[in-house]
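Some notes on the structure that comes next.
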């Protein structure tokens, strides 16, 4: 009986016997229809502005007027001859590489700490997340105050410990300003990386870890031959996001130093803002920002490869 | 034997020391916000060259003056209202756009769903830094400078891609059988979505609401580019940019604003972070 009915399903379309098919059943229409608003948003408000950014970089457009004069590669040529731009490009890479290197070391260590069992682990874990979760502009202001030239608690503490003979003007010297910016980047990004690495660690099958212990592998042996290789994909994700977030960051540098002292700490994002918005030279600003594209492309390709791996894996 | 015990004790000590070290590093700026927000000015503005005055503690009784000034002497409450308005509008748009798109990618788009989903997710990597200059042009063409509408229009560009991706993952985890069963019972696909799938997806949508809202609260570049009028600012723009008198910051009130704004967000956000991380690492963990 049951078999008979089932066999009839594709032929007789029994649903029609109860109810007429309407638009609400036509998945070939429904699918695109439900997807359309999101696609439209992304195409119109990410795709179009992105193309506009490229167009603007070949123009002498200014914020005040509506003219749009094609100037070819002149913006790029001027930038390549501009020492301030070189500095900003170098800073972007330097801040990104140094802070990500520190973040990876700190995050792997912190993840190992949090992976161990100890009293108060949950509390520590949720406190560690605070820097990542707090709004970056507000957290940056706390650091501006911590590194204040007159009231810096860092200076006071170093003085009391007898470690500081002179005085540190954090935002007055290029080297110190760089250190301050990198500190804030590391502070903000390491919790995020820690949580990602921790998620990766709990995904390592327990029997593999135990097998390594049984085979007599020591701590470093386990770290370098078992844990780190197994963690590689997930650490890659953490690094990729970290790279994208620090390379494109605007708020930290802008609020800490405004690119100062003497324009020594500008990154591409702040220089683009200075030239394009404050200086009203949209064309040049757009050209500066476009130099971020290679970083983003590398990150995107790496993500795609990871995603493809996962697709094959399932 | 005693060596072994010593090693074990040393390990525990190192573990706790590391845990304390990381916690202090992470929490210190928040502790500093707290101290500054409630210290009296004569306790606050003592130069760091005075080594007798310990800045790490309250040397005078704490005060609520800075908080009072923040609420009644600055536009802080206006910024709270603006942020809430923008946040609500962006959350509504994000839900309306991302939830159907997530379902469509998970169930209806077939082979293309996966690729389109990854494509949409990748636009999350296109940062505001790259787009604020063309947007400055677009916003001025639309006559939206200094309007909250500019933020409502632009913020979904980063909430929609990520939330679509989150919802796609969420809908995939709903068992297909449930939906097929309901359709055999005579429901249309749309009715299935409304009566079966959406109720199951409530936790996913809650995550979307939290993330869209916190991303709005975190945003700084677009707000700085589009808004210059103090009464139209949002919290993350107004607090760092407009809480100054001439060149002088009111540090007490400023840190009170940072504390009162960040801590609730941080607490809510951290309780959802696992889902967020699961979304980001979906690829790498499966592989």
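Chains as they are written, first to last, in my numbering: chain W, 33 to 346; chain Y, -1 to 285. Idealized CB from N, CA, C, for every residue including glycine. Quantities reported herein were computed from a predicted structural model and do not represent experimental measurements.
Discussion item. Using a Cβ-Cβ cutoff of less than 8 Å, which residues in the same chain neighbour residue 54 of chain Y once the five nearest sequence positions on both sides are dropped?
Written reply: 33
Worksheet item: Quick one: what's residue 91 of chain W bridged to in DSSP?
Response: W:102
Fill in: Limits of the alpha helix (DSSP H) - the one that residue 39 of chain Y falls within
39 to 42
Practice prompt. Go to residue 163 of chain Y, then tell me how far its alpha helix (DSSP H) extends in each direction, as first and last residue.
Written response: 154 to 170
Practice prompt. Would you check if the distance between the CB atom of residue 139 of chain W and the CB atom of residue 258 of chain W is smaller than 7 Å?
Written response: no
Discussion item. Looking at the secondary structure, which residues open and close the alpha helix (DSSP H) in which residue 51 of chain Y lies?
Written reply: No alpha helix (DSSP H) contains residue 51 of chain Y, which DSSP labels as neither H nor E.
Discussion item. Cutting at 6 Å between CB atoms, please list the residues of its own chain near residue 81 of chain Y, excluding the five before and the five after it.
Written reply: 232 and 233
Item to complete: Can you give me the Cβ contacts of residue 297 of chain W inside the same chain, cut-off strictly under 7 Å, excluding the 5 residues immediately before and after it?
Response: 123, 206, 209, 210, 213, 285, 289 and 291
Discussion item. Strictly below 8 Å CB to CB, what residues from chain W border residue 30 of chain Y?
Written reply: 174, 177, 178 and 185
Practice prompt. For residue 57 of chain W, return the contacting residues in chain Y, with the cut-off set at a CB-CB distance below 7 Å.
Written response: 186 and 187
Discussion item. If we define contact as Cβ-Cβ less than 7 Å, is residue 216 of chain Y a contact residue for chain W?
Written reply: yes
Worksheet item: Which residues share a DSSP beta bridge with residue 242 of chain Y?
Response: Y:247
Discussion item. Closest to residue 114 of chain W by C-alpha separation, out of W:327, W:331, W:340 and W:320, would be which residue?
Written reply: W:320
Fill in: For residue 259 of chain Y and residue 159 of chain W, believed in contact at Cβ under 8 Å, the rounded distance
Between residue 259 of chain Y and residue 159 of chain W the Cβ distance is about 18 Å, and since that is not below 8 Å, they are no contact.
Fill in: Partners in chain Y for residue 69 of chain W, counting only beta-carbon separations shorter than 8 Å
94, 95, 98 and 99
Discussion item. I'd like to know if residue 251 of chain W contacts chain Y, where contact means its C-beta is closer than 7 Å to some C-beta of that chain.
Written reply: no
Worksheet item: Do three or more CB pairs link the region 210 to 220 of chain Y to the region 145 to 152 of chain W at distances below 8 Å?
Response: no
Discussion item. I'd like the list of long-range same chain contacts for residue 88 of chain Y, defined as Cβ closer than 7 Å, with 5 residues on each side in sequence excluded.
Written reply: 150, 153, 154, 157, 210 and 214
Item to complete: Just the C-alpha distance for residue 36 of chain W and residue 112 of chain Y, rounded to the nearest angstrom, thanks.
Response: Low local confidence applies: a pLDDT of 45 at residue 36 of chain W is under 50, so the model's placement there is unreliable, with the coordinate-based value given in what follows. Going by the C-alpha atoms only, they are around 37 Å apart.
Practice prompt. Step through the CB atoms of chain Y and report whether any lies within less than 7 Å of the CB of residue 274 of chain W.
Written response: no
Worksheet item: Mind checking residue 281 of chain W: buried by the 16 CB within 10 Å criterion, or exposed?
Response: buried
Worksheet item: Going along the chain, which unbroken runs of the alpha helix (DSSP H) with 4 or more residues stay wholly within the region 252 to 324 of chain W?
Response: 260 to 279, 283 to 289, 300 to 305 and 314 to 322
Worksheet item: Taking DSSP as the reference, what is the three-state secondary structure of residue 58 of chain Y?
Response: coil
Discussion item. Let me check understanding here. Comparing Cα to Cα, which of W:246, W:220, W:262 and W:106 lies closest to residue 232 of chain W?
Written reply: W:262
Worksheet item: Which class does residue 231 of chain Y belong to by DSSP, given the choice of helix, strand or coil?
Response: coil
Worksheet entry | Counted within 10 angstroms of its Cβ, other Cβ atoms place residue 306 of chain W as buried (16 or more) or exposed | buried
Worksheet item: For residue 183 of chain W, which three-state DSSP category applies?
Response: coil
Fill in: Under 7 Å between C-beta atoms of residue 132 of chain Y and residue 85 of chain W
yes
Discussion item. Can you check which of these residues, Y:242, Y:48, Y:277 and Y:265, is closest to residue 71 of chain Y by C-alpha distance?
Written reply: Y:242
Worksheet entry | Rounded straight-line distance, which links the Cα of residue 236 of chain Y to that of residue 250 of chain Y | 15 Å
Worksheet item: Is residue 1 of chain Y close to chain W, meaning its C-beta is less than 7 Å from at least one C-beta of that chain?
Response: no
Fill in: Spatial neighbours of residue 163 of chain Y in its chain, beta-carbon cut-off 7 Å, leaving aside the 5 residues before and after
115, 118, 119 and 277
Worksheet item: What are the residues of the region 153 to 180 of chain Y that lie near chain W, defined by any Cβ-Cβ distance shorter than 8 Å?
Response: 154, 155, 158, 159 and 162
Worksheet item: Is residue 329 of chain W buried or exposed, if buried means 16 or more other CB atoms sit within 10 Å of its CB?
Response: exposed
Worksheet item: Helix or strand or just coil, what does DSSP make of residue 258 of chain Y?
Response: helix
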